[in-house]
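Trainee: Residue numbers (my numbering): 110 to 225.
All C-beta atoms, glycine included, are put in the ideal place defined by N, C-alpha and C.
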């Protein structure tokens with residue numbers, strides 16, 4: 110696990126409290142997942158992204174960040190699943206920039222899986 114600086118540690122505690130108090134604000138959950146990932150607490154980050162996905166499946170940024178995190182952990186199949194889902198959501202929502210980033214990340218994952 111990576112050591113967090115004081116500012117990141119405070120932000121992590123704050124976001125843990127907000128989400129534990131029942132917030133469904135996607136930015137709080139997304140921020141918490143990113144802080145867990147930054148701290149190399151990948152399983153907690155994945156669980157947080159998954160929770161966010163259950164109540165806000167249209168939150169496009171989570172798909173890219175979760176897919177990239179899973180790729181960093183060499184969890185290629187899971188990364189592909191998250192990125193594929195993100196492509197579907199970004200396409201449906203007409204988010205062209207995010208769609209381009211998701212497709213680029215997906216190409217890298219498919220390469221790693223030998224599926225390009």
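What would DSSP say about residue 167, mapped onto helix, strand or coil?
Mentor: Along the chain shown, read from residue 1 onward, the residue named residue 167 stands at position 58. In this structure, residue 167 counts as coil in the three-state DSSP scheme.
Trainee: CA-CA distance, residue 223 and residue 185?
Mentor: For the purposes of this step, residue 223 is taken as the residue at position 114 of the chain shown. For the purposes of this step, residue 185 is taken as the residue at position 76 of the chain shown. The straight-line gap from Cα to Cα measures roughly 10 Å.
Trainee: In terms of alpha-carbon separation, which member of 166, 112, 155 and 225 lies closest to residue 176?
Mentor: Here residue 176 is taken as the residue at index 67 of the chain shown, counted from 1. Among 166, 112, 155 and 225, the Cα nearest to that of residue 176 belongs to 155.
Trainee: So, for residue 110: in the same chain, excluding its five sequence neighbours on each side, which residues have a beta-carbon less than 8 Å away from its beta-carbon?
Mentor: The residue given as residue 110 occupies position 1 in the chain shown. Excluding sequence neighbours, residue 110 sits near 148, 149 and 150.
Trainee: Considering only C-alpha positions, which residue in the set 196, 178 and 203 is nearest to residue 210?
Mentor: The sequence position of residue 210 within the chain shown is 101, counting from 1. Closest option to residue 210, Cα to Cα, is 196.
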